[in-house]
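My numbering puts the sequence shown at residues 68 to 201.
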Amino acid sequence: MIENSPDYARSMNPSILGIDASFIYQKGLLKLGAPIKLIDDDFKLVSAHEFGHSVLMYVGGISLSWGHKGSTNALLQNVKSSTPGYPEKGKIDLMKYYNTNKREPDASQRVNDSIAMEIDIKRLIWSSEISWKI
Ligand SMILES: [Zn+2]
Numbered sequence: 068m069i070e071n072s073p074d075y076a077r078s079m080n081p082s083i084l085g086i087d088a089s090f091i092y093q094k095g096l097l098k099l100g101a102p103i104k105l106i107d108d109d110f111k112l113v114s115a116h117e118f119g120h121s122v123l124m125y126v127g128g129i130s131l132s133w134g135h136k137g138s139t140n141a142l143l144q145n146v147k148s149s150t151p152g153y154p155e156k157g158k159i160d161l162m163k164y165y166n167t168n169k170r171e172p173d174a175s176q177r178v179n180d181s182i183a184m185e186i187d188i189k190r191l192i193w194s195s196e197i198s199w200k201i
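Shown next, in the form of structure tokens:
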């Protein structure tokens, strides 16, 4: 979907039925002067995160997926008080939330340092049920 108003529309993937997602491109942010690269990068990052919910749901259910690997309350998806802020440097877990009251990254750090963690790549491979033939 494309959001043409300047209001940020929220992408989502409850992944109750496999991939049950809506990925929203925030075109309306152009009206607020946002650079197109920022809008494109945000779309890629958010889409990757939302797709990741299907993997987490498949391997760990609601608590892992909606709970963002323990960083949010599973039902309301609000950040727990115990959740740390974004790291000063280093990798940012694509599938976790961080407490932005403790530390918020700039847009380039969030885009450049967010990755699918090794455990989640392994979960993706495992959930694909590949069978190896020798
Ligand atoms: Zn999420």
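Backbone N, C-alpha and C define an ideal beta-carbon position, used for all residues, glycine too.
C-alpha gap between residue i and residue j, whole angstroms
| i | j | result |
| --- | --- | --- |
| ASP109 | SER89 | 14 Å |
| TRP193 | ASN71 | 38 Å |
| ASP173 | ILE201 | 48 Å |
| LYS15 | LEU143 | With the chain running from 68 to 201 in the structure shown, residue 15 is simply not present. |
| GLY157 | GLU171 | 14 Å |
| LYS104 | ASP187 | 27 Å |
| ILE197 | ALA101 | 42 Å |
Reference residue i, options the options, closest by Cα
| i | options | result |
| --- | --- | --- |
| ILE159 | LYS136, SER181 and LEU97 | SER181 |
| LEU96 | LYS147, LYS169, ALA76 and ALA141 | ALA76 |
| GLU185 | ASP74, GLU196, GLY119 and ASN168 | GLY119 |
| THR167 | ALA174, SER175, GLY152 and HIS135 | GLY152 |
| VAL146 | PRO154, LYS136 and VAL178 | LYS136 |
| VAL178 | LYS200, LEU143, LYS189 and LEU161 | LEU161 |
| SER175 | VAL126, LEU143 and LEU112 | LEU112 |
| TYR125 | ILE197, ASP74 and SER82 | SER82 |
Other residues of its chain near residue i: CB distance less than 6 Å, five sequence neighbours each side excluded
| i | result |
| --- | --- |
| LEU131 | LEU123 |
| SER138 | THR150, LYS163 and TYR164 |
| LEU191 | VAL122 |
| ALA141 | ILE129, SER130, TRP133 and GLY134 |
Enclosing alpha helix (DSSP H) for residue i [first to last residue]
| i | result |
| --- | --- |
| ILE188 | 185 to 194 |
| ALA174 | 174 to 180 |
Spatial neighbours of residue i in its chain, beta-carbon cut-off 8 Å, leaving aside the 5 residues before and after
| i | result |
| --- | --- |
| TYR92 | MET68, ILE69, GLU70, ILE106 and PHE110 |
| MET79 | ALA88, SER89 and GLU117 |
| LYS94 | ILE69, GLU70, ASN71 and ILE106 |
Spatial neighbours of residue i in its chain, beta-carbon cut-off 7 Å, leaving aside the 5 residues before and after
| i | result |
| --- | --- |
| SER148 | none |
| LYS169 | PRO151 and GLY152 |
I'd like the ranges of any alpha helix (DSSP H) spanning at least 4 consecutive residues and lying wholly in the stretch 125 to 168.
Segments of the alpha helix (DSSP H) lying fully in the stretch 125 to 168: there are none.
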